[in-house]
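929 is the number that my numbering gives to position 945 of the sequence shown; each next residue is one higher, with no gaps.
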Amino acid sequence: MDVSKPLFVAFLFTYFVGHCCGQISGKEVLIPGDFLLGALFPIHYSESRFCTSRINEQDGIQILEAAVFALREVNSYLEPSGLSLGLLARDSCYETSIALQHALEFAQRRYNSQPIRFENCTCTSSQDNNVIGVIGPARSKETVDVAKLLNLFKVPQISYFATTPELSDNITYKYFKRTVPSDTFQTKALVSILSSLDWKYVNIIYEDSNYGNEGYTEIRTNAEDAGICFGLDQKVKETDNEDELRKVVDDLMKRTNTNGKVVAILFMQYALAYRIMELVDDNYNGNDIIWVGGDAWIGREPPSEHDNVIKGAIGISPETAVYPGFAQYFKKLNLSYNHNPWFGEYLIQRYNCSTTGKKPNCADLKINDFEELLTAYNVRNAVYAFGSAVQEIHSSLCGGARGVCDDMKSSLTGELILEYLGKVENPFNTTFHFVDGVDGPVRYSVLQYQRENGYRWKEIGKYYGKNLKWNELKKPDEEISLCSLPCKKGEIRSRSEVCCWSCKACAYTAIVNVSDPYNCVPCEYGWIPNHAQNICVAILIKHLTYNNPYVLVIVAFSSLGIVICLIVSTIFVYKRSTPIVKATGFETSLVLLIGILFSYISPFILVSEPSLASCAFFRIFLSLSYTMAYSSIFSKLIVYNRAFDVQSSIKTKAIQGQTLMHRNMCTMKTALVMSLTLSAIHLLAIVFWIASDNPPPVVSYSINPESAVGNRSCADLRNFSYFVSLAWSFLLMVVCLVFAIKTRKLPDGMNDSHEIMYCCFTSFVLWIAFIPLYAFSENKVVKVMSLAVSLIIHGTVCLICLFITKIYIVIFRPEKNNKERVMRNTPSRSRGSYSGSIHGSHAGEKRRSCALTLEDRNSANCSRKPSSACVTNDNEDEGEDYSATTGTLPFRNSSVVINKSEKYSENVQTVQDSLKRNSGEKLLGDIKDSEEIETTETLNKSKVNGDISKCNSQFDVEESSPKHTSKELFHKSIGFNPSSFIRNITSRKLHKAHVSSEHMIEGENQDNRLEKSARRLSQSLPDVQNQNS
-15 MDVSKPLFVA FLFTYFVGHC CGQISGKEVL IPGDFLLGAL FPIHYSESRF CTSRINEQDG
45 IQILEAAVFA LREVNSYLEP SGLSLGLLAR DSCYETSIAL QHALEFAQRR YNSQPIRFEN
105 CTCTSSQDNN VIGVIGPARS KETVDVAKLL NLFKVPQISY FATTPELSDN ITYKYFKRTV
165 PSDTFQTKAL VSILSSLDWK YVNIIYEDSN YGNEGYTEIR TNAEDAGICF GLDQKVKETD
225 NEDELRKVVD DLMKRTNTNG KVVAILFMQY ALAYRIMELV DDNYNGNDII WVGGDAWIGR
285 EPPSEHDNVI KGAIGISPET AVYPGFAQYF KKLNLSYNHN PWFGEYLIQR YNCSTTGKKP
345 NCADLKINDF EELLTAYNVR NAVYAFGSAV QEIHSSLCGG ARGVCDDMKS SLTGELILEY
405 LGKVENPFNT TFHFVDGVDG PVRYSVLQYQ RENGYRWKEI GKYYGKNLKW NELKKPDEEI
465 SLCSLPCKKG EIRSRSEVCC WSCKACAYTA IVNVSDPYNC VPCEYGWIPN HAQNICVAIL
525 IKHLTYNNPY VLVIVAFSSL GIVICLIVST IFVYKRSTPI VKATGFETSL VLLIGILFSY
585 ISPFILVSEP SLASCAFFRI FLSLSYTMAY SSIFSKLIVY NRAFDVQSSI KTKAIQGQTL
645 MHRNMCTMKT ALVMSLTLSA IHLLAIVFWI ASDNPPPVVS YSINPESAVG NRSCADLRNF
705 SYFVSLAWSF LLMVVCLVFA IKTRKLPDGM NDSHEIMYCC FTSFVLWIAF IPLYAFSENK
765 VVKVMSLAVS LIIHGTVCLI CLFITKIYIV IFRPEKNNKE RVMRNTPSRS RGSYSGSIHG
825 SHAGEKRRSC ALTLEDRNSA NCSRKPSSAC VTNDNEDEGE DYSATTGTLP FRNSSVVINK
885 SEKYSENVQT VQDSLKRNSG EKLLGDIKDS EEIETTETLN KSKVNGDISK CNSQFDVEES
945 SPKHTSKELF HKSIGFNPSS FIRNITSRKL HKAHVSSEHM IEGENQDNRL EKSARRLSQS
1005 LPDVQNQNS
């Protein structure tokens, strides 16, 4: 210390030269005691770095008297220990140079009782007692320099109002403490107020000092985090003149918010703040501005003539509280109070009194209008802290001895005092302590200047720690402060100037980010903005469920179709031996019913929740529902067409005894194998397709400004895969349509050509309507429903057209379920039929048939006369031309000419017997396949034109012959009706056997007529063949 002291004294000499004596006032407050506390109070205001005569009533006189009052209270607590504290108070005038001079003298008194002499003046001490600590100064500007000085001399210092964050540095300012919190917390409290009141657009003017600069930095940082924007941030100096400040005020008043008001933060000392307010009041309407301030001027009594502009001001101050007993103490003060040399100046300034008698005498005044500075208790806490530390040191060093012991005199160093100051906790029954050993507790009061029996500051809230709490019903009812009106949802800001913007709408698929309201952020695929359009939310994914009304309708119709299909199948199985079921083709009908059943089952798979399995199964069921239906129809039509297609070349081969076609070419088993083969080919192709490309369920999104939904469906719905799988079915449908037209002349029981054409045409129309709806619709639900409806309609049309009429006959009209009904040709179908039928080639021309039926042959009357079947009737054989009951296919009305020049032989009897069984018992299903094969071989060995004996007359034979539907028989191959032929031969033989000799002449005449008829029939045969070809 001996080295640093001279160095620092040299620095002080250069700093104070020329200023010392002129600046220092000779007045001071001196209260003796065992230990002195130095104090620096701004009793006067300063101007141009010189003290003025203007008294600082609150921060000067009130604070000084609060320190004196606290000192008396401390001494009352120390009196039992025989100790007392004294006070040496000086006027700092808000000037750093003056404060440093007084601080230097305090330091000298601490270490040297001799005064400091300078070249032009001598600064002496009026007391030889040591100064153990210093209270003050008030402002951060002076406190920082004083703290640096006292830190060199290790003199503890406690400020009652310096709040700059710089002083929280416990290393640089080791001997400094304060009873108020740092501005770090004050700025947070100010921003909390702005955010709570929703003031997002404010202006700030701050002074160029440690307090102003650091406070502005803290406010700016916290405000940006809270989304508060500064339209104007302007720095001013105490030395600025009126014109410079007026320019700042003019610029400030242009920064109005959306309500036409200006919100301005003044972060500066009391005097400068009120200079700016006065300029606003003099040049503008004070009602258009709201002031926000810090602890430097909030809570201080403003000039009364400017209440109009200050009213409504709001800000932060260290926690306000009434200092108990201080108001009563202050009101008792009078001019005779000899401790305060400036009290008379205070009375003169405040009450315009006089001590000379020209005005009311100040000695006679009583102070009744005292307005207590509610932060005066902070100086009390500083005095209490020193008193508590001295008490603890005395207790530690002197034990129970009264007065200052020798150990205390020799050991009372700055380090020891600083150590005990750090331990101070709730001194003398107060709630005070140093936070982190440096700052006061974070306790603030929110004050507003309100009119209540005159204007005054009212506490409307508290800020403790990090929490702002408004007093009940005291929160300001001010409107929000914005430079521009908020944008609507879905709009971003387009900056026009600082803190101001215009609004621009985002796309309905983008959001406005709260952290970046100037840019649209598009949502990812599968996400959509929420209602406020500030965050993206996942699009709700839906799929068809069974509680959907459309699905319920589909399910109802599909279920009904399945039930009807099963009923029809059951009836067909149960009635499979009846003529109409056999004529329909029992085996192929079952395949067709399975395809129809698939058509009704497929919608269940289609409307179920899409999965890998359901998508694959639907591809299979969709294909087979059409393929199995049309393949069964196609194969049956092929067999029918082959069986009834009697070509002239086939007749010629039969008559000449050449080899006929294979017997298994035209059975229902062939049709069954053919339909299953066609279906199996399609099934294998689909299975191979699924194995190589299994259709997964995918989600497609439908997004529009009103709604957004995701539809889970099979991948096939997104392309034309279903058309590929239905191509084979479409080809079969076209072929079925062609063959339905070719077989339109079949007998009624086997002729489904009209119904098949209806089915094909209906399917074709459905596809014409379905393809555009499916291809051009983006809605997957529409695609699913169109597929389901088309499947149901297809199955229903096939069921109605091909089965319902037959089921009606089987169940409700069993009398029509007979051979005659099945083999009947309606007039519309018999005309122009196959060329092998005399109905077709000579329709309307009556021909005489001398053939006998099997029944006539076995009757007793046949021995005497020809059968009654030998009548001139075109339809005489229709009732007998039925073979569907045995599974064979008939050859409709084949005609053959018998060479009358040949005689009967044994071969004729063999053929007769075989044909008899085939056209009689076989018609009823009583002949076995072995016998059928034997008959076929016999006819192939016989030479029809050489082995059959001539008849006396030539007969025109016309009959229908059945064909077994389960085996390929020779009837298709030989091209004529064997049953009619046998009946002719049998009738002639029986007739000749019973003709008497008396009737010989008549018989010869009859033979001549028959011979002529046979000749005419023989001549007409080529025409028949030509028509068939």
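Every residue, glycine too, gets a C-beta built ideally from N, C-alpha and C. This structure is a prediction, so every number in the text was calculated from the model and none was measured.
Query: CB of Asn59 within 8 Å of CB of Leu71, strictly; Result: no
Query: Closest by C-alpha distance to Ile401, when choosing among Gly17, Ile116, Glu41 and Ile793; Result: Ile116
Query: Cα-Cα separation, Glu463 to Thr340; Result: 54 Å
Query: DSSP bridge partner residues for Asp423 (one or two, in chain order); Result: Val419
Query: Local Cβ density within 10 Å of Asn455, reported as buried at 16 or more and exposed below that; Result: exposed
Query: Own chain, CB closer than 7 Å to Ala360, minus 5 neighbours either side, in chain order; Result: Gln46, Ile47, Ala50, Tyr307 and Phe310
Query: Length of the line joining the Cα atoms of Ser380 and Val408; Result: 14 Å
Query: Between the CA atoms of Ala173 and Ile298 - distance to the nearest angstrom; Result: 12 Å
Query: Strand pairing of Lys442, partner residues [DSSP]; Result: Gln432
Query: Alpha carbon of Ile740 to alpha carbon of Leu721, nearest angstrom; Result: 7 Å
Query: Buried/exposed call for Phe416, threshold 16 Cβ in 10 Å; Result: buried
Query: Own chain partners of Cys507 with C-beta closer than 8 Å, once the 5 adjacent residues on each side are dropped; Result: Thr493, Ala494, Ile495, Pro513 and Cys520
Query: Cys549: first and last residue of the uninterrupted alpha helix (DSSP H) it sits in; Result: Pro533 to Tyr558
Query: Proximity below 8 Å, CB of Ile555 to CB of Arg696; Result: no
Query: Residues bridged to Ile464 [DSSP beta-bridge criterion]; Result: In DSSP, Ile464 forms no bridge with anything.
Query: Boundaries (first-last residue) of the beta strand (DSSP E) holding Phe796; Result: That residue, Phe796, is in no beta strand (DSSP E); its alpha helix (DSSP H) goes Thr789 to Phe796.
Query: Supposed contact pair Ala122 and Asp43 - C-beta distance, whole angstroms, cut 8 Å; Result: 6 Å
Query: Contacting residues, own chain, Cβ-Cβ under 6 Å from Met612 (five flanking each side not counted); Result: Val575, Ile578, Gly579 and Ser663
Query: Nearest-angstrom Cα separation, counted from Asn271 out to Leu84; Result: 42 Å
Query: DSSP three-state assignment for Thr36, whether helix, strand or coil; Result: strand
Query: Exposure label - Glu262; buried when at least 16 CB within 10 Å; Result: buried
Query: Min CB distance Ile548 to chain B below 8 Å; Result: Absent here is chain B; the protein component of the structure consists of one chain.
Query: Which of helix, strand or coil DSSP assigns to Trp281; Result: coil
Query: For Leu544 and Ser586, the rounded distance between their alpha carbons; Result: 14 Å
Query: Straight-line gap, Pro26 to Arg74 (C-alpha atoms, nearest Å); Result: 8 Å
Query: Secondary structure of His28, DSSP reduced to three states; Result: strand
Query: Contact check, Gly215 vs Arg239, beta carbons under 8 Å; Result: yes
Query: Extent of the continuous beta strand (DSSP E) run through Leu250; Result: Val246 to Phe251
Query: C-beta atoms of Asn362 and Val164 nearer than 8 Å; Result: yes
Query: Which listed residue (Pro679, Ile791 and Thr127) has its alpha carbon closest to that of Ile564; Result: Ile791
Query: Cβ-based burial, Ile377 [other Cβ within 10 Å; buried from 16]; Result: buried
Query: Assumed close pair Arg477, Pro501 - CB separation to whole angstroms, cut-off 8 Å; Result: 5 Å
Query: Residue nearest to His666 in terms of C-alpha spacing, selected from Ala489, Leu710 and Asn154; Result: Leu710
Query: Start-to-end residues for the beta strand (DSSP E) that takes in Tyr157; Result: First-last for Tyr157: undefined, no H or E at that position.
Query: Identity of the residue in Tyr614, Pro679, Asn336 and Trp751 nearest Ile39 by Cα; Result: Asn336
Query: Classification of Ser1015 by the beta-carbon crowding that lies within 10 angstroms, buried from 16 upward; Result: Since the first residue of the chain shown is -15 and the last is 1013, residue 1015 is not available in this structure.
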